[in-house]
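Student: I have a structure I would like to understand better, so I am pasting it below and will then ask my questions one at a time.
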Amino acid sequence: SAPTTYSYLEVSEPRPGVGQVTLSRPKALNALSTPLITELNSVLQSLSTSPTIGAIILTGSPKAFAAGADIKEMAPLTFSSAYTNSFIESWSDLTTTVKKPILAAVSGYALGGGCELALMCDLIYCTTGATFGQPEIKLGTVPGAGGSQRLTRAVGKSKAMELILTGKFFSGEEAEKWGVAARAFATHEELMASVLDTAETIASYSKVAVMAAKEVVNKSQDLALRDGVEYERRVFHSLFGSEDQKIGMKAFAEKQKPEWKHK
Ligand code: CO8
């Protein structure tokens, strides 16, 4: 199909099976406007259904992952218009419609909606100098795209309260220490090299297993432990019905490299 061009995104396939989406609205530090989110949802949908893509990287520039929802767009909104038009609801489509792993690579600012967008991804890698925060309190409002829920699950209630009630920023180094980010790197270049390696590794596995793994881990955020363990066991049992489970275990027994049917 003809390549699609975007106004606020760059899209590439930097490694086999890896789709990279780079937020590119440099004049506004990648502030997340409705047109940007519409493009993001559209490209994530097409990467998610692409037969050749196994993992997705979402990143920004060295200066900003995203400095928040677009404050200038939000300033004039009324309760009635926000409520009746379900403002922001589509921003979390990526958590419900994208079944392949999304890795956030965060350098620079990840504030407000930018921090929430990173938290919606399946894992975060960042630079130690990245700047995270939920500063909505300073604008007279509260996080609106899941920040109060996902940050609290990541760092615990007391620290989340402190961050959300003060609006204080935290560094990439702290994000790693507190478990918000899986890893932090000294430079943007090291960050990108590492996130590409991880995404390529994920994309080299069976898609069936990868998508099931994402699904069961994410269930841990929604379900009580007993229900989650039961859910996991059901999915595990169901994978005995997949070709790739047979291929993977046979290859192990024969000391061969598995050739996945659904890669
Ligand atoms: N919205 C709109 N424009 C922005 C935003 C934003 N969030 N952030 C930066 N910009 C614009 C600035 O207005 C400026 O534009 P201009 O040149 O036309 O004046 C340009 O980007 C560059 O910014 P600065 O000159 O301010 O750059 P500095 O390096 O001096 O400062 C900061 C960088 C500290 C990041 C600063 O820009 C800042 O504080 N930005 C706002 C951060 C913030 O409060 N974010 C939270 C927004 S509220 C929110 O996200 C609610 C979430 C609701 C749900 C979202 C769903 C995903």
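Count the sequence shown with full-length UniProt numbering and you get residues 40 to 302, in order. From the three backbone atoms N, C-alpha and C, an ideal C-beta is built for every residue, glycine too. No experiment lies behind these values; they were computed from the predicted model shown.
#1: Do the region 113-122 and the region 258-268 make contact, defined as three or more Cβ pairs closer than 8 Å?
#2: Whose C-alpha, out of Ser46, Glu213, Glu52, is nearest the C-alpha of Cys165?
#3: Tell me whether Glu78 counts as near the ligand CO8, meaning its Cβ is closer than 8 Å to at least one heavy atom of that ligand.
#4: Three or more C-beta pairs under 8 Å: does that hold for the region 219-232 against the region 148-166?
#5: Which complete beta strand (DSSP E) runs does the region 114-181 hold, if anything under 3 residues is left out?
#6: Quick one: Cα of Thr135 to Cα of Ala252, how far?
#7: If you compare alpha carbons, which of Lys138, Val137, Ile176, Pro140 is closest to Gly152?
#8: Under DSSP, the alpha helix (DSSP H) around Phe291 begins and ends at which residues?
#9: Note down the Cα distance separating Asp132 from Ala149, rounded to an integer number of angstroms.
#10: Considering only the alpha carbon of each residue, which of Leu235, Glu201, Pro297, Arg189 lies closest to Ser259?
Tutor: So, from the listed chains and residues:
#1: no
#2: Glu213
#3: no
#4: yes
#5: 141-145, 148-150, 162-166, 170-172
#6: 15 Å
#7: Ile176
#8: 282-292
#9: 19 Å
#10: Arg189
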